[in-house]
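Undergrad: Count along the sequence shown starting at 1, add 34, and that's the number in this note's numbering.
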Amino acid sequence: MANSTNSDVDVDVLVIGAGVVGIYALYRAVNAGFSAMTLEAGDDVGGVWYWNRYPAARFDSESYTYGYLFSKELFGEWQWEEEFATQPEIERYLNHVVDRFELRDRIRTGQRVVSANWDEDGNRWIVTTEKGETVRSQWVISATGGLSVPHYPEIEGLEDFQGEGHHTGAWPHTPLDFAGKRVAIIGNGPSGGQILPAIVDIVESVDLYQRTPTWTTPLNNAPISDEKHQQLNENFDEIVRVLSTSPSGFLHTPAGKFSTDDTPEQRQEFYEQIWKSPGFAKLTSNYYDMTTNREVNLEFCEFLAGKVRSIVTDPVTAERLIPKDHLFGAKRPPFVAGYYEAFNRPQASLIALRETPIVRIDTTGIETTEGHREYDIIVYATGFDFGTGALTRMGVVGRDGLDLSSDWEEGPSDFAGFAAHRLPNFFFPGGPHGAGGGNYPRYSQDQVDWIADALIYARENDFDRFEPTAEQEEAWMTMVETLAPLSIFSANHSHYYGANVAGKPRKFLLNPGGRGKLHEMLGELTAEHDFGGALSSVHEEVAVA
Ligand code: NAP
């Protein structure tokens, strides 16, 4: 079906987006016997792993914990090359899944959805694409992702630059040649952090424009040996159990202790171990009270600052790289190998924007209050319109004319992070309030599984409509608002609060109750035959009338 142009298709389930979540949603729908198809904006499948193809883009969750768990055979036959796979391998994996489960013919690529209108009389969605395709569908699963709309910085003259300017989230397919080039990277989150060490040794110069320093720590990647792969396969059932129930969706072993269980000397030894641990283990295997006890967090930050000072030879650069405005974990930390080491290379410079802000971009480069620098390439590693970006740009109009983009102007209101009152039969797994503080695909899998099971249940029990009640949505949003201040990612100047996009309301966009609350509230819902009034049967009403 890829790139075909059949107009006016009618299906049971329309999935929008062929990224990690969308592929799984399509698999579940097809597997359950629904007629199902996918519309995808990109020219191929992969979602973020299709668009973010910048140098050294890779997982920072362990590959086998991020990949799919629904098929033991798939898990066994795909031997990931590294603990933290690179983008090309991830893209190959997602293509493999699409082919292996015979989904490709159902996916129409190059089809960006521009409108989705609820047809009350037909009890269906009418979805159209930029190219004029129309799909009618009883159920819509919008797997359009939380990190899919690139955010460019609001800098005067950005359009004037005559060299190459690329956002990490919309990277060109033809590999960019950095050799001997003068490069600027704006942004030092996980994306900017990954690019710098990957290119520093081939460029003529690279300047990293940093607004807020981050607590970047080493990824500690390793190849996956045949023995490790075999071990993983042998433990498949246990791995699935842990990943499907643990709050963060990782396999990391918890520290099993509070900071107060150790002496100050033992704590320093423990921090050394943590520094050497893989990826997110620095959060999930740290002291239980690391993110709740300010004193111990400050002590750990001092340990990390010591690491930066010991790696970066220029003391002024080292001080500029050390965060002063947030504790470890309060913002989502990047995990990158060789980040601080890169600043010791003569080609690399750090431009501290708090001291010398950007004035403008012009045809040849970037002007700060310190002066003008010329570039061949500017990399915008400036993040995304997180959570709501894609959903509010799709022209979604629900029941009684509910226009989603206006309705969410003051921040999203939803139920369980994947549905909303007045959006009948419309699900958005991986949307705002979808992810908790952990491994995204594990949270999204919970949501997709629940949605797929709900559709099967509805079919078996003669329901044809799902719409959370206003009370159900309110209960979820009260949970979000109550628990948000307690979330680990509490720094309200990050994209998790929408703070990186000018004019976006500062509302918490993760699920602060985590998997526990999600399962609890969904469990309460499914305990009732009609999901507490969320399920209904339009055809039955018509027949009775
Ligand atoms: P990000 O974490 O939002 O970081 C954006 C960076 O750009 C920040 O350093 C920000 O500075 C800076 N910035 C934004 N606007 C700016 C402006 N006008 N002037 C100067 N600097 C500006 O974006 P990201 O690095 O793309 O990461 C986003 C998310 O993608 C991550 O949280 C993660 O979930 C995911 N990701 C994952 C991986 C992985 O799995 N390995 C890799 C990359 C990304 P401030 O901090 O001052 O706002």
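Backbone N, C-alpha and C define an ideal beta-carbon position, used for all residues, glycine too.
Could you give the residue range of the alpha helix (DSSP H) that holds G227?
TA: First-last of the alpha helix (DSSP H) with G227: P224 to I233.
Undergrad: When DSSP builds the beta bridges, which residues end up paired with W152?
TA: Partner(s): W159.
Undergrad: Run through the segment 359 to 388 for me and flag every whole alpha helix (DSSP H) of 4 or more residues, listed as ranges in chain order.
TA: Fully enclosed alpha helix (DSSP H) runs of 4 or longer: 373 to 376.
Undergrad: Buried or exposed for K538, please, with buried defined as at least 16 other CB atoms from any protein chain shown within 10 angstroms of its CB.
TA: It is buried - the Cβ of K538 has at least 16 other Cβ atoms within 10 Å.
Undergrad: Relative to the ligand ZN, is the shortest distance from any of its heavy atoms to the C-beta of R245 smaller than 7 Å?
TA: Among the ligands modelled here, namely the ligand NAP, the ligand ZN does not occur.
Undergrad: With C-beta atoms as the reference, is T246 less than 8 Å away from K316?
TA: No. Outside cutoff.
Undergrad: Who pairs with E116 in a beta bridge, going by DSSP?
TA: BP columns for E116 point to P257.
Undergrad: I'd like to confirm the pairing. Which residues does DSSP put opposite M324 in its beta bridges?
TA: DSSP output for M324 lists no bridge partner at all.
Undergrad: Could you say which of W83, S182, G80 and T120 lies nearest to M428 if we only look at CA atoms?
TA: Closest by alpha carbon: S182.
Undergrad: Relative to the ligand NAP, is the shortest distance from any of its heavy atoms to the C-beta of P357 smaller than 7 Å?
TA: No, since every heavy atom of the ligand NAP falls outside the 7 Å radius drawn around the Cβ of P357.
Undergrad: Are the segment 190 to 209 and the segment 406 to 423 touching, with three or more C-beta to C-beta distances below 8 Å?
TA: Touching, yes, given that three or more Cβ pairs across the two stretches are closer than 8 Å.
Undergrad: In three-state terms, what does DSSP make of Y100?
TA: Looking at Y100 - three-state DSSP - the assignment turns out to be helix.
Undergrad: Helix, strand or coil, according to DSSP, for D271 in the structure here?
TA: Here D271 sits in helix by DSSP.
Undergrad: In angstroms, rounded to a whole number, what distance separates the CA positions of L230 and N459?
TA: C-alpha separation (whole angstroms): 44 Å.
Undergrad: For T416, verify whether its CB is less than 7 Å away from any heavy atom of the ligand NAP.
TA: Yes, the ligand NAP has a heavy atom inside 7 Å of this Cβ.
Undergrad: For N25, count the other beta carbons within 10 Å of its own beta carbon; 16 or more makes it buried, fewer makes it exposed. Which is it?
TA: For residue 25 there is no data in the structure shown, the boundaries of the chain being 35 and 579.
Undergrad: Starting from V82, follow the alpha helix (DSSP H) in both directions and report where the run begins and ends.
TA: Unbroken alpha helix (DSSP H) run through V82: V82 to W85.
Undergrad: I'd like to confirm something about N129: is its beta-carbon nearer than 7 Å to some heavy atom of the ligand NAP, or not?
TA: For the ligand NAP, not one heavy atom lies less than 7 Å from the Cβ of N129.
Undergrad: Assuming the contact rule is C-beta atoms closer than 8 Å, L338 and L361 should be a hit. Round their C-beta distance to whole Å, please.
TA: Incorrect: roughly 10 Å between the Cβ atoms, too far for contact.
Undergrad: Rounded to whole angstroms, what is the Cα-Cα separation between A52 and T72?
TA: Cα-Cα distance, rounded: 7 Å.
Undergrad: Assuming contact is defined by CB atoms lying nearer than 8 Å, are I522 and A66 in contact in what I supplied?
TA: Against a cut-off of 8 Å, the Cβ pair of A66 and I522 comes out as no contact.
Undergrad: Hey, how far is the Cα of V132 from the Cα of G56?
TA: Rounded to the nearest angstrom, the two C-alpha atoms are 11 Å apart.
Undergrad: How about V276 and L266: are their beta carbons less than 8 Å apart?
TA: Going by C-beta atoms, V276 is not nearer than 8 Å to L266.
Undergrad: Drop a sphere of 10 angstroms on the beta-carbon of N320, count the other beta-carbons inside from all chains shown, and report buried for 16 or more, exposed for fewer.
TA: With 16 or more Cβ atoms within 10 Å of its Cβ, N320 is classed as buried.
Undergrad: Just grab the DSSP bridge partners of P184 for me.
TA: Beta-bridge pairing links P184 to F418.
Undergrad: Can you tell me which of A150, A232 and Y88 puts its alpha carbon nearest to the alpha carbon of G435?
TA: Ranking A150, A232 and Y88 by Cα distance to G435 puts A150 first.
Undergrad: Name, in chain order, the residues that DSSP records as bridge partners for D44.
TA: R170, per the DSSP bridge assignment.
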